[in-house]
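Taking it in order: structure first as structure tokens, then the write-up.
There are 2 protein chains.
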Amino acid sequence: MSSDLTEPGTGPSGAAPTLSEVAKRAGVSSITVSRVVRMPDLVAPETRARVERAMRDLGYVPNLVAGALASARTNSVGVLVPTIANSIFADTVQGLSDKLEPLGFSVILAQSRYDAVREDRVLAALLSRRPEAIIMVGSPATEEGSRLLRNARIPIVETWDLPANPIDAVAGFDNYQAGVAVAKHLVAQGRRQLAFIGGDDPRGTRRWFGFRDEALASGLSEPRRLILDRKDSGSVAAHARLPDVDAVFAANDAHAIGFMSGLRKAGLLRDGPASAQPVAVIGLGDLEMGQLISPTLSTISVHGDAIGRTAATLMLERGGERRIDLGFELVLRDSG
Amino acid sequence: MSSDLTEPGTGPSGAAPTLSEVAKRAGVSSITVSRVVRMPDLVAPETRARVERAMRDLGYVPNLVAGALASARTNSVGVLVPTIANSIFADTVQGLSDKLEPLGFSVILAQSRYDAVREDRVLAALLSRRPEAIIMVGSPATEEGSRLLRNARIPIVETWDLPANPIDAVAGFDNYQAGVAVAKHLVAQGRRQLAFIGGDDPRGTRRWFGFRDEALASGLSEPRRLILDRKDSGSVAAHARLPDVDAVFAANDAHAIGFMSGLRKAGLLRDGPASAQPVAVIGLGDLEMGQLISPTLSTISVHGDAIGRTAATLMLERGGERRIDLGFELVLRDSG
DNA sequence: TGGCGTGATGCTAGCGCTAACATAATGGCT
DNA sequence: AGCCATTATGTTAGCGCTAGCATCACGCCA
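Chains as they are written, first to last, in my numbering: chain W, 200 to 535; chain A, 200 to 535.
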């Protein structure tokens, strides 16, 4: 029984045990061990038990790197987001990860940090791991990135937007129409001096265009646009920098809440309903936080986790509709 | 020049081009192509140029799966968090990813969803991809998970806590002492009826123990403890469920802000300083949001991204101190 | 009784790459 | 001229696993 004293996980050379070491110990060929791991039904119960025993004794952990090379299936998905911290994209990653994990897929996560050079670099790094699909927020920033993805010949899912010429599949919503919806609502509410605060990333910019176009179409003067740095909380866009404005659309809820805190300091925030607000504020994202603060935040609600789950579905089912509009909803609360 | 018309990324069989196809086209051996990719300095400039040309023509993307198998280096790190959505752990993932990405490491992300069974499963899945280290929030929930990690013989970094018997390295802070610090502060402020709201995960529970022990040591009666479900916002722990309480420590800022919104509805929230609050509220995490709401949130500040960066350092440098206490800071604002 | 389907297991080759060790070609030195 | 350090390139033998095809034993049927 001395072999029972072998330290688990340690083969003859102190390295991780391999299939064939397990096979030797169980007195079978390595392909049989492979079958026990992947298609146990094909192996006779007694043989299987013997192999399972040997695997446990040795502390065998399959090497998926070798398996992937041999089978040309990595069971992994590359996921690219601008940023994962404090962001609604985390919901999307959670959603797709929850859907893919039970299927045996691993998520390889990369961040572009809204930097085109870094995006191309991580895209190449991702592809060199031969994922079975790429799911990304938005579209590649450069032609090079786009080319890389097209040549990869794997499902590519762009999310959080509805690009006109997607590489492959799309799960998102119409950012332009979101801007339109907010402007429409504010105009109907009687607001006249609109402003937009947010980043100048592609999706934020599309929201701005919709917002501006609708304001102009309604006979209002061109709204002001304050481009915030990613690090800014939104409170930096204090009312002082937007005098005379009576309604603000923030590209995301964090900016909206930050701006509201600026309004509060300026004495321009009421605990009453939207009609009582000197300055209406509408966010985007529908963070739970928005319902907890006072006044509660009106916002464009988007389901980040549904985007993630839909993206997972799109990468799994190569046929069928490749463009899914998850829509958005204008949720009106007390801020505007 | 017909070869220039070859569709990039498509080899003879429509499959991705390999090293040796590039080699053939450049008229060199495949090892030379490998060197151009990995150690370009070792290759003569003209040869290098020829190889680079061939790589571009063919749209060659290195296959790291094969490279990893051959070199026994995957350049990947397994990262396990309870959840990535709406959580402070996202900062940690961002921090470590930012540090590791430039070094060529990929992050394989998995979520346990606070489920021990799922944790063991994803841990095994992670290890089968042969990452060069595992960075996780907390410690394995089961003996089995712990065994798996010990046998992997790679750096293991546990974070967000300071376990007594870590598997390998640790980057975190003392959750028990955080609870103590909050209780001390509340007692000094003259609060007498304390309560704790939050989850019953290991770290939350440690905060509770510190909080309770210090309250008892100060002669107060045992604080109440309300265990919230992960889905709860904290507002469900309305004051109605905690009558007579004059101070609450919430295990995280989200719960704290939710509870404050409950207090507001009950008319128990003031815009003034902590001394004016009928019920003091202290959170943990120092979300930016806490500074934007009114009253501003007092909290235990923890640097999630520093934890991530430190964890990355610990996995890279195998020598030296393996237990890093990043500490925490009680940040006093207006809520308590 | 011979043929053959079925279930269980094994053999062989190779996935695309790299480590480790050759081998060539060059030039400076004694 | 001969030697050897240096630079540039190549050869060989796997890494650990799986696909695809054997092989073999069995038992059932005509």
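For every residue, glycine included, the Cβ atom is placed at its ideal position computed from N, Cα and C.
Taking the alpha carbon of residue i as the reference point, which residue from the options has its own alpha carbon closest?
i: W/Val189; options: W/Ala370, W/Ser420 and W/Val369; result: The first residue shown for chain W is 200 and the last is 535, placing residue 189 of chain W beyond what the model contains.
i: A/Ser295; options: A/Ala323, A/Ile333, A/Val250 and A/His454; result: At residue 295 of chain A the sequence reads Leu, which differs from the Ser that was named. With distances taken between Cα atoms, A/Leu295 lies closest to A/Ile333.
i: W/Asp485; options: W/Asp504, W/Glu245, W/Ala315 and W/Ala225; result: W/Asp504
i: A/Ala380; options: A/Arg390, A/Glu413 and A/Phe372; result: A/Glu413
i: W/Thr358; options: W/Arg349, W/Gly389, W/Ile523 and W/Pro442; result: W/Ile523
i: A/Glu300; options: W/Asn374, W/Ala323 and W/Leu218; result: W/Ala323
i: W/Asn451; options: W/Val369, W/Gly398, W/Lys383 and W/Pro494; result: W/Gly398
i: W/Asp405; options: W/Ala382, W/Gly378 and W/Gly418; result: What sits at residue 405 of chain W in the sequence shown is Arg, not Asp. Of W/Ala382, W/Gly378 and W/Gly418, the residue nearest in Cα terms is W/Gly378.
i: A/Ile283; options: W/Asp290, W/Leu279 and W/Val280; result: W/Asp290
i: A/Arg424; options: A/Arg411, A/Ala416 and A/Asp400; result: A/Arg411
i: A/Met514; options: A/Leu241, A/Ser270 and A/Arg352; result: A/Arg352
i: A/Ser233; options: A/Ala214, A/Leu263 and A/Asp256; result: A/Leu263
i: W/Ala267; options: W/Glu331, W/Ser311, W/Arg463 and W/Leu308; result: W/Glu331
i: W/Asp400; options: W/Ala394, W/Phe408 and W/Leu393; result: W/Phe408
i: W/Ala510; options: W/Val530, W/Pro354, W/Leu415 and W/Leu467; result: W/Pro354
i: W/Gly403; options: W/His384, W/Asn374 and W/Lys383; result: W/Asn374
i: A/Leu325; options: W/Tyr259, W/Ser305 and W/Met335; result: W/Ser305
i: A/Arg463; options: A/Arg440, A/Ala394, A/Ser493 and A/Tyr313; result: A/Ser493
Show which residues of chain W have a CB atom less than 7 Å away from the CB atom of residue i.
i: A/Val321; result: Glu300
i: A/Ala324; result: Ser305
i: A/Gln293; result: Thr282, Ile283, Ala284 and Gln310
What does the alpha-carbon distance come out to for the pair residue i and residue j?
i: A/Ala465; j: W/Thr273; result: 55 Å
i: A/Gly337; j: A/Val356; result: 9 Å
i: A/Ser327; j: A/Ser345; result: 15 Å
i: W/Phe458; j: W/Asp367; result: 38 Å
i: W/Asp443; j: W/Arg532; result: 23 Å
i: W/Ser229; j: A/Arg317; result: 29 Å
i: A/Lys430; j: A/Pro472; result: 30 Å
i: A/Phe372; j: A/Pro261; result: 41 Å
i: W/Arg390; j: W/Asp319; result: 42 Å
i: A/Thr495; j: A/Ser534; result: 6 Å
i: W/Glu487; j: W/Glu251; result: 47 Å
i: A/Gln490; j: W/Leu279; result: 30 Å
i: W/Pro477; j: A/Ile426; result: 40 Å
i: A/Ala248; j: A/Glu220; result: 16 Å
i: W/Ser497; j: W/Ile287; result: 17 Å
i: W/Leu308; j: A/Val276; result: 11 Å
i: A/Ala363; j: A/Glu342; result: 15 Å
i: W/Arg329; j: W/Ala225; result: 33 Å
i: A/Val530; j: A/Ala382; result: 14 Å
i: A/Gly519; j: A/Thr512; result: 11 Å
i: A/Leu525; j: A/His384; result: 21 Å
i: W/Phe448; j: A/Ile396; result: 35 Å
i: A/Gln388; j: A/Ser460; result: 22 Å
i: A/Gly507; j: A/Glu245; result: 43 Å
i: W/Ser417; j: W/Leu393; result: 12 Å
i: A/Met335; j: W/Tyr259; result: 22 Å
i: A/Ala453; j: W/Ala453; result: 14 Å
List the residues of chain W whose Cβ lies closer than 8 Å to the Cβ of residue i, in chain order.
i: A/Ala289; result: Ile283, Ala284, Asn285, Ser286 and Ala289
i: A/Pro261; result: Ser327
List, in chain order, every chain A residue whose beta-carbon is nearer than 9 Å to that of residue i.
i: W/Ile523; result: Those do not exist, as W/Ile523 stays about 21 Å from chain A at its closest Cβ, beyond 9 Å.
Chain A partners of residue i, CB-CB under 8 Å?
i: W/Ala540; result: Since the first residue shown for chain W is 200 and the last is 535, residue 540 of chain W is missing from the structure and cannot be characterised.
Can you give, in chain order, each stretch of the beta strand (DSSP E) that sits fully within the stretch 265 to 311 of chain A and has at least 3 residues?
275 to 280 and 305 to 310
For the stretch 376 to 438 of chain A, list the alpha helix (DSSP H) runs that are entirely contained and at least 4 residues long, ordered along the chain.
401 to 416
Which full runs of the alpha helix (DSSP H) of 4+ residues lie inside the stretch 469 to 502 of chain W, going along the chain?
488 to 491
According to a CB-to-CB cut-off of less than 7 Å, which residues of the stretch 474 to 503 of chain W neighbour chain A?
Glu487, Met488, Leu491, Ile492 and Ser493
Which residues, in order along the stretch 326 to 347 of chain W, keep a beta-carbon less than 9 Å from a beta-carbon of chain A?
Leu326, Ser327, Arg328, Arg329, Arg346 and Leu347
Quick one, which residues of the stretch 438 to 462 of chain A are near chain W if we go by CB-CB under 8 Å, in chain order?
Ala453, Ile456, Gly457, Met459 and Ser460
Which residues of the stretch 264 to 275 of chain A have a Cβ closer than 7 Å to any Cβ of chain W? Give them in chain order.
Val264, Ala265, Ala267, Leu268 and Thr273
Residues in the stretch 346 to 378 of chain W having any Cβ partner in chain A nearer than 9 Å:
Arg346, Leu347, Arg349, Asn350, Ala351 and Arg352
Taking a cut of 9 Å between CB atoms, which residues from the stretch 248 to 260 of chain W lie near chain A?
Gly258 and Val260
Mind pulling the beta strand (DSSP E) runs of 3 or more residues that sit fully within the stretch 312 to 386 of chain W?
333 to 336, 355 to 358 and 368 to 371
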